[in-house]
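Visitor:
In UniProt numbering, the protein residues as written are 1 to 380.
(1) Three or more beta-carbon pairs under 8 Å between the region 313–330 and the region 285–297, yes or no?
(2) For residue 112, count neighbouring Cβ atoms within 10 angstroms of its own Cβ and tell me buried if that reaches 16, exposed if not.
(3) So if DSSP puts residue 308 in a beta bridge, which residue, or which two residues, is it bridged to?
(4) What is the rounded straight-line gap between the Cα of residue 333 and the Cα of residue 258?
(5) Which ranges would you report for the beta strand (DSSP E) in the region 288–371 if only whole runs of at least 3 residues count?
(6) Can you find a CB in chain D that lies within less than 7 Å of the CB of residue 16?
(7) If you draw a straight line from the alpha carbon of residue 66 to that of residue 335, how long is it in whole angstroms?
(8) Span of the beta strand (DSSP E) holding residue 95?
(9) Can you tell which of 362, 379, 283 has the C-alpha that lies nearest to the C-alpha of residue 346?
(10) Determine, using beta-carbon pairs with one atom in the region 220–240 and one in the region 352–369, whether at least three such pairs fall under 8 Å.
(11) Find out if the Cβ-Cβ distance for the pair residue 207, residue 99 is shorter than 7 Å.
(12) Check whether the Cβ atoms of residue 264 and residue 243 lie closer than 7 Å to each other.
(13) For the candidate residues 344, 165, 369, whose alpha-carbon lies nearest to that of residue 35?
(14) In chain order, what residues of the same chain lie with their CB nearer than 6 Å to the CB of residue 361, ignoring the 5 residues before and after it?
(15) Which partner residues does residue 57 have in the DSSP bridge list?
(16) Do residue 52 and residue 5 have their beta-carbon atoms positioned less than 7 Å apart in this structure?
(17) Who are the near neighbours of residue 330 in its chain, counting only those whose CB is closer than 8 Å to its CB and skipping five residues on each side?
(18) Taking one C-beta from the region 190–200 and one from the region 372–380 each time, how about it: are there three or more such pairs within less than 8 Å?
(19) Out of curiosity, what's the CA-to-CA distance linking residue 262 and residue 247?
(20) Looking at residue 274: is its Cβ nearer than 7 Å to the Cβ of residue 196?
(21) Considering only their Cβ atoms, is the gap separating residue 7 from residue 87 smaller than 7 Å?
(22) What is the residue span of the alpha helix (DSSP H) that residue 116 lies within?
(23) Can you tell me which residues form a DSSP beta bridge with residue 39?
(24) Among 47, 241, 252, 302, which residue has its Cα nearest to the Cα of residue 319?
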């Protein structure tokens, strides 16, 4: 008797662009997925898989679903119209909504698992791009109700989601995003690029897109206070991340500050190797987000032995436990507290005592596979 594989479709649109949070989650989960011989994955993306994720297409159980006609020019139309049409002709056993939304009109017999990343739509809607906000508003509630099981990327996110939608807790789980220690160490074997070397070492480091929820206006105020209280020995500030949809007024303010003092460095489009070297050469990590579903940069910083000064939000405490410094993150007085802490850390660096053993892609893939298996068995 020939054993058949389970056919799983998934929202792979994040794999059509450079590495991002969701894109990395999808790619690393597929690469680390156990029992590959039992599953065939069908990647639905309106655009070709980006060069950064080409390794995924080399996996023997992965197929990129081409097609979509004129719908492929708009990711939302492709996802919401092409996929249901495709499923009229092709059988799948399960659909994985990797971006916390499912296509409408899924066959009633098709099980669905949702990965839930955050509640930004409801908690901080002003920080979202309008098109993403509209799409999430249209399909978020339906997607939760339609899901057989929901995997969140943190316990806090899972709890918030259950409260928001009155979703049964016994149909939820947590699959933390993570890091790949072996791969990160291997990337450090390459020579640092000149722009990384030019930054020197022991700088203050922040890693994330510059957008409202990341609270960069507050961090700029922190850095000004730090510069003020330690004018002769303060360290420069390195920001790794593209300029997103932050207000144009703040971006101009940040650029003027950088031009005037020449102690703020913004690096966009860094390679994986450069990013690891930037962590390794830094002296302290600062992360002041108002809200996060998780926080991979914080996990990466801890892996590299960096002390972390972060905003006091539940998800960060979930990651850092008692080994990270949590501070208030709103007022000018808060900024002064951050500045004093940063100064003290640079004067007396003490290695942090934090374990990130649960935050690995192997663990995430194992939990995801267990959920898929459970849902598939219940659907038989």
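By construction, the Cβ of each residue, glycine as well, lies at the ideal position given by its N, Cα and C atoms.
Guide: Reading from the atomic positions:
(1) yes
(2) buried
(3) 285
(4) 23 Å
(5) 308–311, 325–327
(6) In the structure shown, chain D does not exist; there is a single protein chain.
(7) 50 Å
(8) 94–97
(9) 283
(10) no
(11) no
(12) no
(13) 369
(14) 28, 32, 178, 180
(15) Note: residue 57 sits in no beta bridge, so no partner.
(16) no
(17) 218
(18) no
(19) 22 Å
(20) yes
(21) no
(22) Taken as a continuous stretch (DSSP letters only), residue 116 belongs to no alpha helix (DSSP H), being part of the beta strand (DSSP E) at 111–116.
(23) 6
(24) 302
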